[in-house]
Each structure stands twice: as structure tokens, then as C-alpha cells.
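Some notes on the structure that comes next.
In my numbering, the protein residues as written are 39 to 430.
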């Protein structure tokens with residue numbers, strides 16, 4: 039038996055944040071990041087709408103990028119004191135991810151991170167509060183997913199939390215919030231959304247429920263990302279919806295080794311943090327070449343290429359799809375290799391085997407369409423460093 043889970047309601051369109059006026063409840067905690075929602079006036083709007091609904095509001099602000107265990111525990115403690123019946127998070131992936139984890143420890147204060155790091159092992163939520171997410175970036179789609187990533191900096195460990203319990207009850211996908219994204223973030227989040235959709239389509243857990251969402255998201259990203267990057271706000275609106283569709287697909291079909299590699303290399307090198315969407319964009323064409331050695335995966339990549347208007351044999355279509363992704367990376371000023379990104383060669387080679395081991399053990403590897411060993415992963419990472427063709 040399989041499962042397909044989405045938020046109970048998704049409100050979308052410009053001004054859809056006004057739906058907060060109709061929320062039923064008594065108290066809400068709003069979880070926020072570094073201040074952009076306040077700076078651009080969206081926080082004041084949200085508070086005003088909630089007050090019109092008769093809801094008392096308390097803020098939890100300054101969730102850091104890559105939110106920490108400490109931040110989560112502080113937020114949960116504040117919630118236990120205030121006792122909200124709604125947890126609302128606005129902003130990028132970090133505050134929404136943090137708020138999802140706070141929700142667990144608010145409702146179950148005796149639970150530990152170790153209790154919930156096994157995927158799909160959460161206690162039953164919604165005993166005290168429901169969850170509403172309002173994204174401001176067009177990539178992570180955490181507003182519709184069953185995932186959250188929290189970092190224990192003391193141990194140097196990232197906890198990838200996964201459970202359908204933390205799928206939000208309501209998502210408000212208001213493109214006005216995404217209009218505030220800077221150009222580079224627009225590029226990186228857009229390629230993150232493309233990677234989500236492509237990996238979901240070829241995942242071993244793909245289904246008739248996830249395939250249409252993934253394909254539509256891919257088509258929309260190819261159609262709208264360049265214009266969104268150039269500042270066309272109507273295109274940016276469509277990208278905000280595309281990333282949400284991709285999120286609904288991958289939350290149920292899961293991902294693959296593009297994400298395994300991105301998770302384990304993002305903060306691995308002293309020469310610079312690789313933004314997640316940028317890492318995905320670099321790795322995606324190489325992983326397609328690797329996975330396409332599997333006949334089932336090759337056919338599905340070819341399906342994607344046909345869906346976006348390409349023609350040819352399956353092999354020609356796989357090549358054309360990789361070429362198209364590379365063209366987009368060039369247009370979006372995203373490097374094509376780790377070397378071009380600026381990763382030091384000596385450090386790369388020193389850490390290669392360790393990173394390869396970690397990437398193979400990443401949670402996303404299990405649903406990749408072609409199996410991979412640490413030795414093969416190291417070869418693949420070398421291809422992404424030097425820009426060589428994947429021929430194994």
C-alpha cells in the first residue's frame with residue numbers, strides 16, 4: 039500500500055494571504071526568519087488579518103538559516119507557555135522547517151530529536167495546534183511537504199525529519215511574497231524546484247498521483263524561470279506555483295542522489311558554502327547521465343524531454359535534456375562544475391571518499407532509480423568537479 043498526502047487547503051494568487059482573516063482559533067504563534075517579512079510589510083499584514091479574525095498573536099523571530107536544535111527548543115518552550123492553537127510560519131524554508139519541528143516539541147515536550155530522526159516515526163500531531171505555512175521563496179516547497187531539516191551544530195549533524203504528520207494543514211502560496219527575492223536566489227530556488235520535479239518523476243516511488251504534478255512543474259520551470267530571473271513578476275508568480283507542484287510531487291515520491299550529493303557537499307569545503315539550489319543545478323545533468331544507464335530511468339528522462347517539446351530517440355532525448363539544463367545554468371550564471379564554483383582541488387580530493395560515503399548513506403539515495411556504491415559516487419563527484427562525461 040502507498041500513501042499520497044497534501045495540505046488540507048492551498049490558497050493561491052496575489053493577495054491570498056488575506057485568507058488569514060477567516061482562520062478559526064484563539065491564539066497563533068508566527069515563526070519568522072531574519073526580518074524580510076517585517077521589512078516588506080508582510081508581517082504587519084498577517085498580524086492585522088489575524089487580529090480581524092479575533093486571534094491573539096505572538097511572534098517568534100530571527101530563525102537562522104539552517105535552523106538549529108537550540109532555536110527549535112526555544113520556540114517550542116515559548117509555545118508551551120503561550121499555548122497557541124495555530125502555528126503559522128512565513129518566509130523561506132528555514133523558518134517553516136523550524137516551526138514544523140517546534141510543533142512536535144510543543145505537543146510532546148518529553149520527545150527528543152533522537153526519537154523522531156527515524157523517518158515516519160513521529161507521534162500523532164494536532165492535539166494542541168494546527169499548522170499554516172506561507173512561503174516567500176520559490177524552491178523548497180516546505181509549505182506542502184512532509185519534511186524538515188534541523189541542524190545540531192554541537193554535534194555537526196543535520197537531522198532530516200520526515201513524517202506526513204508535519205505536512206501543513208494550510209498553505210498560502212501568495213506570489214506577492216516571492217516578488218521580493220533577489221536575482222541570485224530566484225535562480226537557485228528555481229533550479230531547486232526543477233530538480234525536485236525531475237527527481238520525483240524518475241524516483242522509484244513515482245506514482246500516477248505524483249507524475250502529473252512533476253511533469254507540469256518541469257514544463258512551468260522551463261517556461262517561466264528565465265523571465266522570472268529577469269524580473270518579470272507575472273513569470274515569478276508562475277514559478278511560485280511551479281515549485282509548489284514540484285513539492286507536492288517529491289513529498290510523496292521522494293528524491294534521488296542529486297539531493298544526496300547536495301546535502302553532503304553544501305557545507306563540506308572551507309573555500310565556500312554551496313547554496314543548495316546551486317549545488318542541485320550543478321549536479322543534475324551529471325546525475326541524469328549516470329541514472330540513464332538504467333533503462334527504466336532513461337525512458338522516464340526521455341518522457342520528460344518529449345513533454346517539454348523535444349524529439350528523437352531515448353538516448354538523444356536524454357542528451358537534449360542535459361543540454362537544456364546546462365543552457366539554463368549558463369543563462370542563470372550558475373557554474374557547471376565544482377571547480378568553476380571555486381572549490382579547492384586539493385581539499386576536494388582529500389575529502390572525496392568521505393563525502394562519497396556520506397552521500398550514499400543519505401536518506402534520498404534509497405529512492406534513486408539506479409543504485410550507487412561509494413566508489414561510483416566518488417567517480418560521479420569527480421565528474422562534477424572536472425566537468426567530465428559520466429560513462430560508467
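Glycine included, C-beta positions come from ideal geometry on N, C-alpha and C.
Q: Can you have a look at residue 369 and say buried or exposed, based on whether 16 or more other CB atoms are within 10 angstroms of its CB?
A: exposed
Q | Three-way DSSP call (helix, strand, coil) for residue 94 in this model | A | strand
Q) Do residue 131 and residue 178 have their C-beta atoms closer together than 7 Å? A) A contact, by the Cβ cut-off of 7 Å.
Q: Go through its chain and collect everything with a Cβ distance to residue 101's Cβ below 7 Å, but skip five positions before and after it.
A: Contacts found: 69, 70, 71, 109, 132, 133 and 136.
Q) In the DSSP assignment, what residue or residues form a beta bridge with residue 65? A) 94
Q.
As a quick exercise: from 76, 120, 221 and 41, pick the residue whose alpha carbon is nearest that of residue 316.
A. 221
Q) Roughly how many angstroms lie between the CA atoms of residue 122 and residue 53, to the nearest whole one? A) 25 Å
Q: Just tell me which of 428, 280 and 49 has its CA closest to the CA of residue 260.
A: 280
(Q) In the DSSP output, what is residue 82 paired with across the bridge? (A) Paired residue(s): none; residue 82 is not in a bridge.
Q: Could you tell me which uninterrupted beta strand (DSSP E) segments, each at least 3 residues in length, are contained entirely in the stretch 154-210, listed from first to last along the chain?
A: 168-173, 185-190 and 195-200
Q. In this structure, does DSSP put residue 228 in helix, strand or coil?
A. helix
**Q.** residue 236 beta carbon less than 7 Å from that of residue 169
**A.** Taking 7 Å as the Cβ cut-off, residue 169 and residue 236 do not qualify as a contacting pair.
Q. Are the beta-carbon atoms belonging to residue 116 and residue 143 less than 7 Å from one another?
A. no
Q: Scan the stretch 313-353 and note each continuous alpha helix (DSSP H) run of 4 residues or more that stays entirely inside, going in chain order.
A: 314-329 and 333-345
Q. Does the Cβ-Cβ distance between residue 258 and residue 276 come in under 7 Å?
A. yes
Q | Distance, residue 268 Cα to residue 344 Cα | A | 26 Å
Q. According to DSSP, is residue 47 helix, strand or coil?
A. strand
**Q.** Three-way DSSP call (helix, strand, coil) for residue 285 in this model
**A.** The three-state reading of DSSP puts residue 285 in helix, counting H, G and I together.
(Q) Could you compute how far the alpha carbon of residue 206 sits from the alpha carbon of residue 394? (A) 33 Å
Q: Hey, could you find the ends of the beta strand (DSSP E) residue 126 is sitting in?
A: 124-129
(Q) Measuring alpha carbon to alpha carbon, tell me which residue in 66, 226, 47 and 361 is nearest residue 118. (A) 66
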